[in-house]
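Asker: Pasting a structure below so you can have a look.
Numbering (this note's numbering), first residue to last: 24 to 366.
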């Protein structure tokens, strides 16, 4: 089990002076071609996730051949088990397949990892209008499906397998957040959470033969598209786990739909979430394909509830506001999936 999260464990990693000294003292291991480490900057990215400690580094070095270069690194908290899987995936896929960024250094006392930056853009960074964006969406959605299918097919060494008790604890944690909501939506969420717990028992927790290595937070923001290589890479591995693959599929589909709703109305008729699903299923064996179809409504409901709770409890959304129609859309997805499961 990983240690409890404490912000004090990670403050040093946002200190540019501390990290510069670290880079210099580990120069030979981190930068084999470096003659001297000149400077370093550290930029802490405050995200929506309470336990995120994503930090961006820019390290200026002078190489042994006299050239001065900037090296961009990333850092974030992660468990030792996740780091081992990450390293295993890198050794398996390598740089040629551009699947996961290279892990560079792990701090076991703080559960913090340094890794190479992927070159490219996320779906959120694509041009706001025009044919170019449509081509990007079409390409990235299909590639993302193939890439996550390849990761789901890996042997999940080192990973802890989620138990029934842990899944119920996760749902109860979500339910406690629901009770913090002081709005008319709280009761709707509570009823849906009670139904979800029953459905997870009936559909998912007894089908472990299909469980595999999953990303845990697979969404458009965690997929990087490189136009030069015409490929995608996956980032943000803090939630690696051994669970049902439909967890990743449902989360990506819903997050993609919310993204399209927010700024790409003309792309909605293209139905990219379904295209992602079909591309993924095309990579699966027949029995896995049937299993995904069987349990996907449960995970779509789970992801929609998770997103609804975040939008009602997150300080970010309380401060910036969240369109009511988007929240109602999430409630509509929950209701729709309940009907499908009862049919």
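Don't be surprised by glycine CBs; every beta carbon is placed ideally from N, CA and C. Only a predicted model underlies this, so the values are computations on that prediction, with no experimental measurement involved.
What is the rounded straight-line gap between the Cα of residue 227 and the Cα of residue 318?
Answerer: Here residue 227 refers to the residue found at position 204 of the chain shown. Here residue 318 refers to the residue found at position 295 of the chain shown. Residue 227 and residue 318: Cα-Cα distance of roughly 7 Å.
Asker: State buried or exposed for residue 168, treating a residue as buried only when at least 16 other CB atoms are found within 10 Å of its CB.
Answerer: On the chain shown, residue 168 is found 145 positions in, with the first residue counted as 1. Answer is buried; the Cβ neighbour count reaches 16.
Asker: Just to confirm my understanding: we take residue 200, look at its own chain, exclude 5 residues before and 5 after, and list those with CB closer than 6 Å. What are they?
Answerer: Within the chain shown, the letter at position 177 stands for residue 200. Cβ neighbours of residue 200 beyond the five flanking positions: 332 and 336.
Asker: Between which two residues does the alpha helix (DSSP H) containing residue 45 stretch?
Answerer: Here residue 45 refers to the residue found at position 22 of the chain shown. Residues 39–48.
Asker: When the distance is taken between beta carbons, is residue 124 closer than 9 Å to residue 256?
Answerer: For the purposes of this step, residue 256 is taken as residue 233 along the chain shown, with counting starting at 1. For the purposes of this step, residue 124 is taken as residue 101 along the chain shown, with counting starting at 1. In contact: residue 256 and residue 124 (Cβ atoms closer than 9 Å).
Asker: How many angstroms separate the CA atom of residue 355 from the CA atom of residue 323?
Answerer: Along the chain shown, one-based indexing puts residue 355 at 332. Along the chain shown, one-based indexing puts residue 323 at 300. Using only the alpha carbons, I get a separation of about 11 Å.
Asker: When the Cα of residue 8 is compared with those of 35, 296, 264 and 300, which residue comes out closest?
Answerer: This structure cannot settle anything about residue 8, because the visible part of the chain is limited to 24 through 366.
Asker: Pull up the distance between the alpha-carbon of residue 320 and that of residue 36, whole angstroms please.
Answerer: Position 297 of the chain shown holds residue 320. Position 13 of the chain shown holds residue 36. Approximately 40 Å, taken between the alpha carbons.
Asker: Pull up the DSSP beta-bridge partners for residue 94, would you.
Answerer: By one-based count along the chain shown, residue 94 stands at place 71. In the DSSP output, where bridge partners are listed per residue, residue 94 has 82.
Asker: What is the rounded straight-line gap between the Cα of residue 213 and the Cα of residue 202?
Answerer: Along the chain shown, read from residue 1 onward, the residue named residue 213 stands at position 190. Along the chain shown, read from residue 1 onward, the residue named residue 202 stands at position 179. Rounded to the nearest angstrom, the two C-alpha atoms are 8 Å apart.
Asker: Under the DSSP definition of a beta bridge, which residues are partnered with residue 57?
Answerer: Counting from 1 along the chain shown, the entry for residue 57 is found at position 34. Residue 57 is bridged to 86.
Asker: Relative to the C-alpha of residue 57, which residue among 78, 83, 32 and 66 is closest?
Answerer: Along the chain shown, read from residue 1 onward, the residue named residue 57 stands at position 34. Nearest C-alpha to residue 57: 83.
Asker: Taking one C-beta from the region 298–308 and one from the region 159–177 each time, how about it: are there three or more such pairs within less than 8 Å?
Answerer: Output reads yes: the region 159–177 touches the region 298–308.
Asker: According to DSSP, residue 136 sits in a beta bridge with which residue or residues?
Answerer: Residue 136 sits at position 113 when you count from the first residue of the chain shown. The partner list for residue 136 (beta bridge, DSSP) reads 99 and 129.
Asker: On the CB-based measure, 16 or more other CB atoms within 10 Å of its CB, does residue 93 come out buried or exposed?
Answerer: Counting from 1 along the chain shown, the entry for residue 93 is found at position 70. Burial call: exposed.
Asker: Ends of the alpha helix (DSSP H) at residue 123?
Answerer: The residue given as residue 123 occupies position 100 in the chain shown. Where residue 123 is concerned, there is no enclosing alpha helix (DSSP H), given that its DSSP letter is neither H nor E.
Asker: Here's the rule I'm using: 16 or more other beta-carbon atoms within 10 Å means buried, otherwise exposed. How should residue 27 be labelled?
Answerer: Locating residue 27 in the chain shown gives position 4, counting from the first residue. Here the model assigns residue 27 a pLDDT of 48, short of 50, so the residue's position is not dependable and the matter cannot be decided.
Asker: Mapping the DSSP letters down to three states, classify residue 315 as helix, strand or coil.
Answerer: As a working note, residue 315 is residue 292 in the chain shown. Looking at residue 315 - three-state DSSP - the assignment turns out to be helix.
Asker: Using only the alpha-carbon positions, how far apart do residue 73 and residue 267 sit?
Answerer: Here residue 73 refers to the residue found at position 50 of the chain shown. Here residue 267 refers to the residue found at position 244 of the chain shown. Any answer about residue 73 is weak, because its pLDDT of 46 lies below 50 and its placement is not dependable; what the coordinates show is given next. Each residue's Cα considered, the two are about 24 Å apart.
Asker: Under a Cβ-count criterion, where at least 16 other Cβ atoms within 10 Å of its own Cβ denotes burial, should residue 189 be classed as buried or exposed?
Answerer: Here residue 189 refers to the residue found at position 166 of the chain shown. Residue 189 comes out exposed.
Asker: Taking C-beta to C-beta, are residue 52 and residue 128 nearer than 9 Å?
Answerer: Residue 52 sits at position 29 when you count from the first residue of the chain shown. Residue 128 sits at position 105 when you count from the first residue of the chain shown. Yes, these two residues count as a Cβ contact at 9 Å.
Asker: Please report how far the alpha carbon of residue 162 lies from the alpha carbon of residue 277, in whole angstroms.
Answerer: Looking up residue 162 in the chain shown gives position 139. Looking up residue 277 in the chain shown gives position 254. Near 18 Å, if we compare the C-alpha coordinates of residue 277 and residue 162.
Asker: Taking the CB atoms as reference points, tell me whether residue 329 and residue 197 lie closer together than 9 Å.
Answerer: Position 306 of the chain shown, counting from 1, holds the residue named residue 329. Position 174 of the chain shown, counting from 1, holds the residue named residue 197. Yes, these two residues count as a Cβ contact at 9 Å.
Asker: Start and end of the beta strand (DSSP E) containing residue 248?
Answerer: Here residue 248 corresponds to residue number 225 of the chain shown, with the count starting at 1. First-last of the beta strand (DSSP E) with residue 248: 246–249.
Asker: Let me confirm a value: residue 131 is counted as buried when at least 16 other C-beta atoms fall within 10 Å, else exposed. Which label applies?
Answerer: Mapped onto the chain shown, residue 131 falls at position 108. Counting Cβ neighbours within 10 Å, residue 131 comes out exposed, since fewer than 16 surround it.
Asker: Can you check whether the CB of residue 59 is closer than 9 Å to the CB of residue 80?
Answerer: Locating residue 80 in the chain shown gives position 57, where the first residue counts as 1. Locating residue 59 in the chain shown gives position 36, where the first residue counts as 1. No, they are not a contact pair.
Asker: Mind checking whether residue 241 and residue 171 have CB atoms under 9 Å apart?
Answerer: On the chain shown, position 218 is the one that residue 241 refers to. On the chain shown, position 148 is the one that residue 171 refers to. Contact: yes.
Asker: Are the C-beta atoms of residue 83 and some chain B residue less than 9 Å apart?
Answerer: Within the model displayed, chain B is absent; a lone protein chain is all it includes.
Asker: Pick out the complete alpha helix (DSSP H) segments inside the region 220–287, 4 residues or longer, and give them in chain order.
Answerer: Those alpha helix (DSSP H) runs which fall completely within the region 220–287 and span 4+ residues are 269–286.
Asker: Would you report the Cα separation of residue 271 and residue 237, rounded to the nearest angstrom?
Answerer: Counting from one through the chain shown, the residue named residue 271 turns up at place 248. Counting from one through the chain shown, the residue named residue 237 turns up at place 214. Cα to Cα, the separation comes out at about 7 Å.
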